[in-house]
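Peer 1: Quick note: the sequence shown uses the working numbering, first residue 2, plus one each step.
Glycine residues also receive a C-beta, built at the ideal position from the N, C-alpha and C atoms.
Below: one structure in structure tokens.
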Amino acid sequence: MSDADQDVEVRSAPTLTAPTIWQRLVPFAILLAVTALAVSIWVAVRVSTNEANGVALRGDPKTRVCTAFEMVTAIQSRSDLAPANASLALLGGGDYLMRQLDANTPAHLAGAVRAFARDLQEVGMNALAGVPYNDPRQAARQAEGDFERRQVADLCK
Numbered sequence: 002m003s004d005a006d007q008d009v010e011v012r013s014a015p016t017l018t019a020p021t022i023w024q025r026l027v028p029f030a031i032l033l034a035v036t037a038l039a040v041s042i043w044v045a046v047r048v049s050t051n052e053a054n055g056v057a058l059r060g061d062p063k064t065r066v067c068t069a070f071e072m073v074t075a076i077q078s079r080s081d082l083a084p085a086n087a088s089l090a091l092l093g094g095g096d097y098l099m100r101q102l103d104a105n106t107p108a109h110l111a112g113a114v115r116a117f118a119r120d121l122q123e124v125g126m127n128a129l130a131g132v133p134y135n136d137p138r139q140a141a142r143q144a145e146g147d148f149e150r151r152q153v154a155d156l157c158k
């Protein structure tokens, strides 16, 4: 026998085993996961599309927004609120005002209300973060908010 004959290994053919139940379920699990992902993406896109179109709220837009503005500014003038509650009232007031806007709100009023609501939220969030009201930047935010408040008040007359 030559050296080449001695180096040859004899291998047997691999044996096939029947797949287990878990191996059979893997493709279905992957299909289910992909389907769930597709449905969740579709729902997220559909909801954001509806919000972009703007669902019309009940009542006259100007009356609704101006009534909400009056309520928010009335809460601001309460002196019996603790500082943390006052800060939360600013945040909530800004959010509440933003939620009163829809596609039918007059553009000039909507722009002024958005600016005022953002100012409320910025002042409130900074106050919650511990920025004192006498801080120059916080005072500037408050002055800007007061300017925006006067603009909205004029538009609501």
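If GLY94 sits next to VAL73, beta carbons under 8 Å apart, how far is it from one beta carbon to the other, in whole angstroms?
Peer 2: Numbered from 1 along the sequence shown, position 93 holds the residue referred to as residue 94. Numbered from 1 along the sequence shown, position 72 holds the residue referred to as residue 73. Confirmed, Cβ separation roughly 4 Å.
Peer 1: Put LYS158 into one of helix, strand or coil per three-state DSSP.
Peer 2: Start at 1 with the first residue of the sequence shown, and residue 158 comes out as number 157. LYS158 falls in the coil class under three-state DSSP.
Peer 1: In the structure shown, what three-state DSSP assignment does TYR97 receive?
Peer 2: In the sequence shown, residue 97 corresponds to position 96, counting from 1. The three-state secondary structure of TYR97, taken from DSSP, is helix.
Peer 1: Once you ignore the five residues that flank ASN54 on each side, which residues in its own chain have a CB closer than 8 Å to its CB?
Peer 2: For the purposes of this step, residue 54 is identified with residue 53 of the sequence shown, where counting begins at 1. At ASN54, the pLDDT of 45 sits below 50, so the modelled position is not reliable and the matter cannot be decided from this model.
Peer 1: Would you kindly work out how many angstroms separate the C-alpha atoms of ASP136 and ARG47, rounded to a whole number?
Peer 2: As a position in the sequence shown, residue 136 is number 135, starting the count at 1. As a position in the sequence shown, residue 47 is number 46, starting the count at 1. Cα to Cα, ASP136 sits roughly 43 Å from ARG47.
Peer 1: Is PRO1 helix, strand or coil when you go by DSSP?
Peer 2: Outside the displayed range of the chain (2 to 158) lies residue 1, so it cannot be described from this structure.
Peer 1: Among CYS157, THR68, ALA130 and GLU123, which has the Cα closest to the Cα of GLU145?
Peer 2: Residue 145 sits at position 144 when you count from the first residue of the sequence shown. The candidate whose alpha carbon is nearest that of GLU145 is GLU123.
Peer 1: If you follow the alpha helix (DSSP H) that VAL73 is part of, which residue opens it and which one closes it?
Peer 2: Looking up residue 73 in the sequence shown gives position 72. Its alpha helix (DSSP H) spans residues 62-77.
Peer 1: Looking at C-alpha atoms only, which residue of ILE76, GLN143 and PRO15 is the closest neighbour of TYR97?
Peer 2: The residue given as residue 97 occupies position 96 in the sequence shown. When only C-alpha atoms are compared, the closest one is ILE76.
Peer 1: ALA90 and LEU82 - do their beta-carbons sit closer together than 8 Å?
Peer 2: The residue labelled residue 82 in the question sits at position 81 within the sequence shown. The residue labelled residue 90 in the question sits at position 89 within the sequence shown. In this structure, ALA90 lies closer than 8 Å to LEU82 by Cβ.
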